[in-house]
Amino acid sequence: MLWWLVAVPLLAGALLAVAGRRADRVAPAAGVLVATGALAIAIAAAVTRPAVDAPLVAGIRAGLAVDGLSALMVVTVAGATLAVLAHAVGDPELRTARFAGFMLLFAGAMLVTVTATTLAVLLMAWEVMGAMSWALIAYRWWEPESVTAGHTAFLTTRLADVGLYVAAGAALAGGAGSLALAELPGANGPWLHVVTAGLVVAALGKSAQLPLSFWLSQAMRGPSPVSALLHSATMVAAGAYLLLRLAPLLAATGWAAPAVAWVGAATALLMGLVAVAQTDLKQLLAASTCSQIGFMVLAAGVGGVRGGAAQLVAHAATKSLLFLAAGTWLVLLGTKQLGELRGAARRHRLVGVTFTVGAAALAGLPPLSLWVTKDLVLAAALDRSTVLYAVGLAAALLSAVYSTKAVWWVWRPAQPEVIAGGPNGTRAPAGRGRPAGRLGDAALVGLAVLAALLGGLPFVTAGARPSAWWELVLSGLLAVAAVALTWRVAARMGEPRVLASWLGVERAAHAVVVRPVLAMAEALARFDDRVLDRGVTAAARATVGVARVLDRRGEGAVDGSVRGIADGARALGRLARRPQTGQVHQYYAQAAAALAVLALVVIVVR
Amino acid sequence: MNENPAALLPELLLLGAAVVGLLMGAWLPRHRQWLVRLLAAAAAGAGLVATALAAVRPDEVVFGTSYAVDTPTHATRAIVLGAVLVALALSVDATAGHRRETEFVVLLLLGGLGTILLGGANDLLLLFAAFLLASVPFYALAGWDKSALGTEAAMKYYLSGAFLGVVMLGGVTILYGVGRGVGYGALRDGLAGAPLTAAGVGLVAVVAGLLFKAGAVPGHFWVPDATAGTPPAVAAIVTTIPKIGGLVAVYRLFVVAVPPDVLDRPLLFAILAAVSMTLGNLAAFFQNTVQRLLAYSTISQAGYAMMAVAVAGRAELAQQALLFYLAAYAVTNLGAFAVLAELPRARTLNDHRGMARRHPALAVALAVCLLGLIGTPPTAVFVGKLAVFTAAVDGGYLWLAVLAIVNTVASVFYYLRWLAPVFRGTEPDPAAMTRAGTWGAVAAVFCACLTVVLGVLGGAILPSLAAVPAPPHGE
Amino acid sequence: MTLQLFLLLAAGLFAIGLYGALSQQSIVMLMMGLELMLNGVIVAAAAFWYFVSPGGVDGQVLIVVVITAMAVEMAVGFAVVTAIYRARQVDMTDDAADLKG
Amino acid sequence: MLGIVLFWVLAAAALVFGYLVFRLDSMARVTFALLASFLAVACLVLLLGLGYLGAVIALMMVIEMVIMAVFMIMYMMNPAGLMPMTMVHNEVGSAAIAIGTFVVLAAGILLVDWPAREGAPPPDPTYALGEALMGGQMLTMMTLGVGLFATIVATVVLATDRGRYGDDR
Amino acid sequence: MLSLIVFLPALVAAVLLLVPATAPRRVFTGAWLAVSAVDLALVVVVWLTPGSGFRFVERVAWMPTVGISYHVGVDGISLPLVALTAVLFGACAVFSLRETRRVKGYVALFLALQAVSLGLFVALDLILFFLFFDLSIVFMYFLIAGWGHGERARAAALKFFLYTFLGSLALLLGFILLYLAAEPHTFDIVELAAADPLAGGGAYAGLALLAIGVGLAVKTPTVPFHTWLPPAHTEAPATGSAILAGILLKMGTYGFVRIAMPILPGTWRQYAVVAVVVGVVSVLYGALVALAQTDVKRMVAYTSVNHMGYVVLGVGAAGIIAGTDDQARQLATTGAVTQMVAHGLITGALFLLTGVLYDRGRTYDMAAYSGLAARAPVFAGVFAVAAFASLGLPGFAGFIAEFQIFTGALASAPVATALAVAGILVTAALFLRALQRVFLGPERLPDAPGTPRPFADLRASEAAAIVPLLALATVIGILPRFLLDAIEPASRALVELVAR
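Protein chains in written order, with our numbering: chain A, 1 to 606; chain P, 1 to 475; chain F, 1 to 101; chain Z, 1 to 169; chain R, 1 to 500.
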């Protein structure tokens, strides 16, 4: 059954993607159908908890299994996929086999990721997910910006993936030859730290944690349903999931857990600030994703696996809801600028209401889901460090602030002239009708319900009890206060440039990594053409004199090489032909001299 | 005395054919002279049979101590006779019906005879006499067509030979003086206690004459001029046949007559080999006339073969390598010249453009022969080079092998310079692509096939070349 | 009368002949140089026979060989001169230098 | 004593006449200078007790020089020596190489420890020579004979243009 | 059986030479296709025949005095490469159905190349190996010079010949050294591997390894011996490039695992770190230089340097005993062999695709194209798949190979491997950039003379040649066991040989 769980979306997705335009007609329906099937299998798997494996490479097996954490994850992933695909049916631009196929592959890869029991399989799925994110973000391939955004996403996450490769090698070196995730904490000696570091880097990169957050901002170029899936149950969630899964490993090293916790907390706080500073709804949501994932990372760092998992699931429902709603508006109104979205919620009540529910959950308002889950995380953090707790609490407050800011804008009375398509409007024509359709509405409502109620999940599944009730109350009160305060000042909130540009990390990355690499590539290419390729040449020329080298430098690179050898050889050849003067007496003289030399050699060397 | 003429059957067959052929030529009408050629071919064929029969008999030294009938001699006989046969075939188109056709054949036979004697000579005086006999007919062949260039070629060939012959005689005299003898056996004893300086000078002087035969530095000056100035058939003969005798003679001289400690022979020949191959290759680089290009290539080939001489006695493969290399070289070089003999008007590289279109079989034969000269497997020269390189490395001359490898790569350049226009799709020059007849093509294809067959089945021959001539007195 | 004196004479003749072979333009004069060199070889051969191994006969045969070689080379040389003179009316080596490079 | 005097005289004559070969400016004189040099060497060979070979050398050289004189007159523009002729190239280089060769050879001759004399001349060297020619060195002589045969063929091929079939080409 | 597989193409080539060139070109291409199919079927039979160690061994004395025999056989290392050869030549045969220029010579040369390529991978005698090694150079020279892109092709072909011929002769020198070291002298690979003649090490062994290593490194090619590769690829016809990259480069790396490692185990261990360094430099250098290219074929050529670098890294790491276990070294070795297969399939496909590009636009310059995905979606899609396969995306064969190499090599050479892993990032960047420049963005086609016709999408015969290669790469990427089951026993044996 577990094979089916991953094979169904992967195979269906691959088939759809390969079929291309021919399958466009059936693609939306097929996508929803497959996603439904996958959800059904996922639920069944979550109940039966199967485990399978097969040999992969020498000594390393490809294993899949569903345990408590992954049971939660498979259902979340399948559910989010279904919701997003169902909603996307309404958008004519996305009714293609390419979209449905890649989405299913994307989800399938995530399913493999969360069920993988060995590092090898995890890595495979992990990378495929990255490639699919490229394909989906660059869905509008004719727009150079979209393609560039896809590049950024793929390359940034792949940069982090290097950590996974290293971790795999280190695990083998450290004695965990099977690369089973469960065996990783047993790696010996320094290799344990290498494994951990590699995994942490990979996870943080995938989850868009600081300092690799910027790719998420660019990823907003993709269609909104893509964002919805990418931000909720796949991709960014994968990093958090991996850290939660490997919490024992983090703990085993001693340094990794606090480091991860601090990175998560810092991301939660700083990205919260970034979110507050955004004027673009999708950018705001993206930054909030980073921030919220930060809580999960924090949870992994402080050992609050249950809270982190709950946070992940609740956030998945909330964020997919919010992105779908934002996407609906983008399609309908042609803009995602907060200033131009005034009155959007009033005109489209259902979207507005569901969006508000989601935002409220995101804000951490009691008794909605994220209030509970976030506080489970914060409680776990409090056990470790008060400072961590304080930072987390501040971040939670920020989430209330930016959620309120978004809601405030969309409920403002409309300004029709702006809605018609302002200077910042995207290319999507305003007023394309209601794309979401009944299926889409159902998806929104369903997600809203989940976003509201999933807070109870941890109590239902694991019977958890809030460890510090006062903490729950405190954060709830703070959230309410923050919401109230923000509602009043929302219009006057500034957008500091540093925060609005996502802390400027991308520009820094370009300056520090991308441009030097490109420059080095150019330099090496020149080196290759000019120096290495002509090394042979130079060797030949050296025999006739360095002057010629300078003389011939101007010649074309490709031709120059062969001609260069030729030049050197020609000179030598001319030299070799010089004795052949045609004059017999000179032959005699040369022969006599040569024989004399030979005789000398024979006499002297013995 | 052991003056058993039967031991010299192949030589006597050649001589007889030469004499009878000359007499026949005096009586035959001009267009019946092919009978002389037939006689010569029959003699050479019979000689090959006689060689094969002699090869199974035990080695012997006949006519006093002056002539050895042993493995190198058998090999020389076989290679030279085979080369004579091929030369007879490839020269048909150029010489048939010519008023000096008979003389051409007779001179070829006499030159071949001299070359064989050169290879078997076991006495300095016989060596020089064979040198004369192996030289004079070829001088005449070079000037055989009486063209302005041909006579100039003959003059240069002759003057080179005369000069180095004098030097060689001087060397013989010195060796006689210090070694008290001219027979190789006596020399080995005499040189053992001889003043080394004089012996060294004498040996170098003798070697000078043999290097002239081998067309190796410093006796190589005639090679390009004589090759470029003569018709392809003659060029094929003078660049192929004398080399065989010269190199075998050098080998025999140093293995049999010279005690190992008289001079640093390996170094001497390593230097000669290195200089020959390098000079030949470099000078061939930018030649535009194909015969001149091949001429220089033969100089470098002599250099490769000399590597085996350098390590003779120090590497067990040396003799097999030398003899097999000579056979492979002879076949391959004759094949390349046979193509030229078939297309005598194509003098320059550019004249060969588009040849693959007009004469595909000939082009393939040329490609096989030139790639063979490079030493591409599975041709005969590859096996030869493999054996030579192995012997050189085994004999402690790794640097020489490396240099030979670099030279081989360099040689690829000029051979490909020739092959490239051959296989280019451009329109051929009809005048240059005029065929002279069919025999050249037959010889070319035969040689191309033979070089591949020798390359593939060469292993069967190698063991039979292994028996090293025993130094006198059972040392 | 010592071996060295004879050999010095031989060397002198050889050197003079060498000078002629190297410096003369005319083919016939050049051949004279070669003859002189052989002349020196004869002296040396005879001297070696007399002073080193008079008991053997190889030295005498050597002289015979040298004389024959002289004759052969002279004959061929004249033939070559005739041929080249017929073909291009020159008897100078310098004038027959079309083949080079 | 007489032998020593003769040696010096003959040696000087051989060298001087040899030198004159390349210094005289008439073909006839050159030829006779060469002949004189050869005759001096022939006498020296006689002096060493090789009567037969000395005579052969003298006879051969006389004939050869006559032929050479004829050739000279046939092919050279200055048969009678009426005009001074210098037909030399690279004189300095040639002289240098020749003198260098002589110096080296002379040094070698004087420094080398030549083998001591062994044995005595046979009573009749000519008989011994004949025996050798018909014995141990028979093959050499046969080869030389074939070489002479080849020389005849070769000279005919080179020197005659018409061949035995007349003028038709 | 193996002889049949090897000589069947040669035989057919010889027969085709007798057919007049005026015969319809279908005769030639059809014959090639048929031969490839038969060969492929025979290889499948060999593959399915169970057995261990060297199988289908044939041995006939050839030149007994010098220890040369006609000795062929396959094991788990050579069999995948034999199969790759059969597959890739089949693909090229299909791709060449549209070839019109002097088809007779073209097909004959390819058949000859096919024979020597197959022969090389089954050869178990050094001289036999060298024979095929050298002939591959000769035939490829004629192919590039005769069917390349004009005058520059001849220069490139000459350079290719000279450079690789130098390498081959260095190899020959190394073989001679091995031959002389063995007692009794022999060129037989199996006997030499069993005898381990240079176990004592020393300068002689080092020299032998140096000669062999340089010879193979030129062919592989590794930095800094790679400069013949870009011009040769750029000027060669598409099928020639595919074979050159897909098969001929493998001859170099195959030589490492077949000759250098088992015959010189001690020396290999001693100098393995050199191979590691060369491998890593090739990986990074090849990737970075490829990143800077504007010519798409040159770019693919440089990625070959990069990919072959992984192989060299793998075989190098397999020679470092300290701090590793058998599993790691076996992984590295298996990965190296897998990488040869993967690179053959994927890069072969990429070169055929660039051939399609050239066919339509008459230029390889990336700047001349843009937004081709609109005109030729299938072409764009297939190219994208090939590009992702080449950059090592899981699900394709390249990942299976590289993952094993990285995992296996990290323990023995941590820093080097970590650097090499960074290479996958550069590869990803360069392929994404290429995709973006050529296929994505606004549509623009080159307006060079001779390209008036619209940019046609992938034709059926082209797709039939390329898609199976990628399909196979995908199958290996997802279900690698069928391949690894063949390789692993052999690589285990090899690891044991190296470790002795």
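Heads up, the beta-carbon is just placed ideally off N, CA and C, and yes, glycines get one too.
Owing to the predicted nature of the structure, the values given are computational and were not obtained by experimental measurement.
Beta-carbon proximity of residue i to residue j, cut-off 8 Å
i                : j                : result
Gly163 (chain A) : Leu410 (chain R) : no
Leu211 (chain P) : Gly165 (chain P) : no
Gly40 (chain F)  : Gly20 (chain F)  : no
Leu450 (chain A) : Ala317 (chain A) : yes
Ala257 (chain P) : Val368 (chain P) : no
Gly303 (chain A) : Ala251 (chain A) : yes
Pro428 (chain P) : Gly335 (chain P) : no
Ile57 (chain Z)  : Ala42 (chain Z)  : yes
Ala97 (chain A)  : Leu16 (chain A)  : yes
Leu397 (chain A) : Ala265 (chain A) : no
Thr451 (chain P) : Thr379 (chain P) : yes
For residue i, the residue or residues it bridges with in DSSP
i                : result
Gln337 (chain A) : A:Asp280
Leu158 (chain Z) : Bridge partners of Leu158 (chain Z): none, in fact.
Tyr358 (chain R) : In the DSSP output, where bridge partners are listed per residue, Tyr358 (chain R) has none listed.
Leu64 (chain A)  : A:Val52, A:Ala116
Arg55 (chain R)  : R:Val74
Any C-beta of chain R under 8 Å from that of residue i
i                : result
Leu293 (chain P) : no
is_contact[residue i, chain F] using C-beta, thresh 8 Å
i                : result
Phe149 (chain Z) : no
Thr481 (chain P) : Because residue 481 (chain P) is not part of the residues shown, which for chain P are 1 to 475, the question remains open.
Ser147 (chain P) : yes
Gly458 (chain P) : no
Phe22 (chain Z)  : yes
Residue i beta carbon near the ligand GDP (any heavy atom closer than 7 Å)
i                : result
Leu312 (chain A) : As for the ligand GDP, it is missing from this structure, which has no ligand bound.
Chain Z contact for residue i (CB, 8 Å cutoff)
i                : result
Leu373 (chain P) : no
Interface flag, residue i vs chain A, CB-CB below 8 Å
i                : result
Leu156 (chain P) : What sits at residue 156 (chain P) in the sequence shown is Lys, not Leu. So, interface residue.
Chain P within 8 Å of residue i, Cβ atoms only
i                : result
Leu598 (chain A) : yes
Met1 (chain Z)   : no
Handout entry: Three-pair Cβ contact test at 8 Å for the segment 244 to 252 of chain R versus the segment 205 to 220 of chain R
Key = yes
Problem - Contact between the segment 124 to 136 of chain P and the segment 57 to 70 of chain F (3+ Cβ pairs under 8 Å) - result: Remark: three or more beta-carbon pairs, one from each stretch, lie closer than 8 Å, so the segment 124 to 136 of chain P and the segment 57 to 70 of chain F are flagged as touching.
Exercise for the section: Give a yes or no on contact between the segment 512 to 521 of chain A and the segment 291 to 298 of chain R, applying the rule of three or more CB pairs nearer than 8 Å. Expected result: With the cut-off at 8 Å, the segment 512 to 521 of chain A and the segment 291 to 298 of chain R touch.
Practice task
Would you check if the segment 64 to 82 of chain A and the segment 21 to 30 of chain A touch, i.e. whether three or more CB-CB distances between them fall below 8 Å?
Solution key: no
Exercise for the section: Assess, as a yes-or-no matter, whether the segment 298 to 308 of chain P is touched by the segment 438 to 455 of chain P under the definition of 3 or more beta carbon pairs within less than 8 Å. Expected result: no
Handout entry: Contact the segment 464 to 476 of chain R vs the segment 410 to 422 of chain R: 3+ CB pairs below 8 Å
Key = Look at the beta carbons and you see the segment 464 to 476 of chain R not touching the segment 410 to 422 of chain R: under three pairs across the two are nearer than 8 Å.
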